Every structure is written in C-alpha cells, then in structure tokens.
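Contents: one structure, followed by commentary.
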Amino acid sequence: MNRDKVIVRTSIIGILANIFLASFKAVVGVMSSSIAIILDAVNNLSDVMSSLITIIGTKLAKKRPDKKHPYGYGRVENLSTSLIAVIVLYAGVTSFVEAIKKIISPPVPDYSAAAIIIVAVAVAVKLILGHYVRKKGESVGSDSLIASGKDALLDSVISAATLLAAVIYLVLHIRTEAWLGAVISLVIIKSGLEILGDSLSSIIGKRISSDLSKEIKDTVTSFPEVQGAYDLILHSYGPDLLIGSVHIEIPDTMSVAELDKLEHRITEKVLEEHKAILAGISVYAVNTQNDRASQMYEDIRRNVMSHEYVLQIHGFYLDEQKMTIHFDIIIDFAAPDREELYDHILKETQEAYPDYNVSITLDTDISD
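As numbered in my numbering, residues 98 to 465 make up the sequence shown, in order.
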C-alpha cells in the first residue's frame with residue numbers, strides 16, 4: 098500500500114475512534130457534571146479535526162509540480178501539521194478558561210458505574226490508537242500522523258487522570274475535577290506548542306539527520322576516486338523529495354571526461370540508495386604531484402585543529418606556480434566569535450608561510 102493510502106486510512110480510523118469517544122464522553126460528562134470528562138470529549142473532537150487536516154494536507158501535497166512551484170507541494174504537509182498544532186492550542190486554551198470558571202464555581206459531580214466504565218474504555222482505546230497511528234506515521238515518514246499519534250497517547254494519560262479523579266471523589270468525596278481540568282488544559286497547550294515548534298522548524302529549514310548525512314557521505318566516498326565528501330546540503334521539499342549538493346575531493350590528475358562520468362555514477366547511486374537528488378557536485382582537487390604538499394597539509398591541519406571550536410579542515414590545495422595555499426575550515430556555531438577565530442587562524446597560517454598567499458574559506462556547519 099502506498100504512502101498516501103496509509104495516511105488516509107489511518108486518519109479515517111482515528112476520526113471514527115475519536116467521534117465514538119467524544120460522543121460517549123460528552124454524554125457521560127453532562128450526566129455526571131464532570132468538567133474533566135467534558136473537556137476530554139472536546140479534546141477528542143479536536144483530534145477529529147486534526148485527522149481531517151492530515152487527509153486534506155496529504156492530498157494537496159501530492160499535487161504535481163507546476164511552473165509556479167517547480168519543486169511540488171510536499172511542504173503542505175508541514176503546514177497541515179502547523180494547523181493541527183494551532184487546533185490543539187485552541188482546545189487547550191479554551192479548556193483552561195472553562196476549568197478556571199469551574200474552580201471558582203465548582204459543580205457537584207455525580208459519577209455512575211457507566212461513567213467509570215466508559216472512561217476506562219477510553220483509556221484503552223486511546224492507548225491502542227496512539228501506538229497504531231504513531232507507528233504508521235513513522236513507517237511512512239508522516240509528521241502529521243506522528244503528531245496525531247503522540248497526541249492520542251497523551252489523551253490516554255489524560256483520560257486515566259480523569260478516571261483517577263472519579264475514583265478519588267467516590268472514595269474520599271474530594272472534588273478534583275476542575276483542578277484536573279486545568280492541568281489537562283496545560284498539558285494540551287504544552288503538546289500544541291511542541292508540535293508547532295517541530296513543524297515550524299521543518300518549514301524554516303532544519304539540519305538533516307546525522308545518520309542520513311553520514312550514510313550519504315559513505316555512499317559518495319565508496320567510489321575509489323573520491324578521497325572525501327564534505328559540505329553536504331539537503332533541502333526537503335516534502336517527505337519524498339530531497340535536493341542538494343556535496344563537495345568531493347578527487348586527484349588533481351583527473352580529466353573532465355573522467356570527472357563527468359564519476360559525477361553521474363555518484364548521483365545515480367545516491368538517488369537509488371537514499372532517494373536524494375544531488376543537483377550539484379563541486380570539486381576539491383587533491384595534490385598528487387607535489388610531495389611537499391602532504392607535509393604542509395599535515396602541519397597546517399595539526400595547528401588548525403588544535404583550536405577549540407574548529408570542527409573540520411578540508412579542501413586543501415597547494416599551488417606552487419601561483420604560490421597559493423587554500424583550504425576550508427568549519428567552526429562550531431557555539432564559538433563565541435566565529436569571525437574572530439577565523440581571522441586568527443588566517444593570520445597564524447600566513448605568518449607560518451610568508452612566501453605564500455594563504456586563502457581560507459569559512460564553511461558553515463550544515464551537516465554531520
């Protein structure tokens with residue numbers, strides 16, 4: 098079954114389950130005058146809206162690319178996740194307001210055996226539904242489904258707390274429903290903020306996973322001609338479309354024809370194994386005809402890497418004819434002043450090799 102069908106089918110199951118739970122909880126909440134159960138029912142209705150948005154977002158995200166959006170509409174899924182977060186936040190805020198009102202003027206709950214049983218069933222249903230939806234989301238890479246699954250698991254905890262409040266009232270005759278409603282609301286708000294933060298991070302453009310970065314670089318360096326892979330950039334245009342570029346180190350004796358064939362082989366293998374499109378492959382030439390270059394590189398590398406916050410040095414090349422030394426460095430984002438450290442390394446290297454023109458590129462720490 099393809100990805101879209103899995104998302105739609107899973108969402109429909111979530112809709113049916115939440116409508117069922119919301120209906121029974123609403124009736125039980127009104128009959129027992131329990132604000133906690135009523136708020137729990139409202140939360141189930143917000144889950145229905147979340148599932149509907151997931152379905153709509155999935156459908157829109159599969160629209161074919163056009164002139165206006167040549168990379169397709171895959172990022173619509175990130176927007177749908179943000180909408181889900183807003184709905185969760187709205188439900189949490191409105192629930193919190195109602196809970197505060199009940200704390201000020203608390204009603205007298207009237208729990209029945211049926212109410213207790215229904216809430217207990219809700220706990221079990223939400224646990225099963227949450228695990229099911231989250232696993233399906235992880236299997237197809239759907240942030241919306243994963244968010245819905247986490248929300249359902251959170252609901253099971255909330256329902257369990259509601260059940261506990263009923264037991265406390267029946268045994269000790271202490272009314273905790275309104276206070277519990279406030280706590281439930283705050284938990285819902287926290288969940289909404291976390292979902293919104295994750296989705297906005299994806300829209301802004303977040304760092305690719307360390308595992309994926311290392312796997313792609315391993316694939317690139319699996320070719321014997323490639324001596325190193327650096328500066329891997331990947332832009333996500335949806336769960337099925339990653340486009341980016343990479344820098345490779347190759348011997349300076351390779352011809353343009355040989356390089357062209359190598360780049361084609363690399364792009365084909367990365368696409369086949371990782372479903373990522375390398376739209377550009379830039380080249381660092383490695384000295385192969387200058388014995389002095391290797392010793393100079395080792396000396397410079399040892400000195401550069403001795404500085405705190407320097408993560409990497411690469412792309413070294415010595416040109417004896419033009420008397421130039423060039424290499425790239427990556428400085429950690431945590432460095433107090435990246436520019437100052439860069440200037441210090443440049444000055445230090447230039448002083449060590451006064452007969453050469455030293456050029457250093459400050460790269461960004463974009464991938465592991």
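All C-beta atoms, glycine included, are put in the ideal place defined by N, C-alpha and C.
In this text, all values refer to a predicted model and were calculated from it rather than measured experimentally.
Buried/exposed call for residue i, threshold 16 Cβ in 10 Å
i	result
Lys444	exposed
Ala221	exposed
Val145	buried
Leu368	exposed
Asn99	exposed
Arg304	exposed
Leu269	exposed
Asp252	buried
Lys233	buried
Lys223	buried
Ala431	exposed
Val323	buried
For residue i, three-class secondary structure by DSSP
i	result
Glu445	helix
Glu346	strand
Ile422	strand
Lys392	Note on identity: in this sequence residue 392 is Gln, with Lys being the wrong assignment. It is helical.
Ala376	strand
Tyr439	helix
Gly335	coil
Val383	strand
Asp357	helix
Ser306	coil
Ile410	strand
Ser299	helix
Asn99	coil
Ala432	coil
Val280	helix
Same chain, Cβ closer than 7 Å to residue i, neighbours up to 5 away in sequence not counted
i	result
Leu157	Tyr170 and Val173
Glu370	Thr316
Ala390	Asn384 and Leu415
Val343	Val317, Ala326, Asp328, Leu329, Leu375 and Ile378
Lys311	Asp465
Ile313	Leu329, Val367, His371 and Ala373
Spatial neighbours of residue i in its chain, beta-carbon cut-off 6 Å, leaving aside the 5 residues before and after
i	result
Arg435	Ile428
Thr385	Pro348, Asp349 and Thr350
Ile300	Asn175
Tyr152	Checking the sequence shown, residue 152 turns out to be Ile, not Tyr. Result list for Ile152: Val105 and Ser108, in chain order.
Gly238	Pro336
Residue i versus residue j: straight-line alpha-carbon distance, rounded
i	j	result
Tyr394	Leu438	19 Å
Gly246	Leu118	16 Å
Ile330	Val380	14 Å
Val407	Gly335	33 Å
Asn454	Ser306	37 Å
Gly189	Lys160	33 Å
Val139	Trp276	17 Å
Ser352	Glu360	12 Å
Gly111	Leu375	38 Å
Pro433	Ile213	58 Å
Ser202	Ile265	20 Å
Ser319	Ser179	39 Å
Glu346	Ile363	13 Å
Gly412	Arg398	11 Å
Val124	Ala257	18 Å
Thr155	Ala354	43 Å
Tyr168	Pro162	6 Å
Neighbourhood of residue i by C-beta, 8 Å cutoff - its chain only, sequence neighbours within 5 removed
i	result
Ile457	His423, Phe424, Asp425, Ile426, Tyr439, Ile442, Leu443 and Thr446
Chain B within 9 Å of residue i, Cβ atoms only
i	result
Ala258	Absent from the structure is chain B; it holds one protein chain and no more.
Quiz prompt | Entirely enclosed alpha helix (DSSP H) segments - the region 138–217, minimum 4 residues | solution = 173–201
Quiz item: Enumerated in chain order, which unbroken segments of the beta strand (DSSP E) with a length of 3 residues or greater are wholly contained in the region 234–270?
Solution: none
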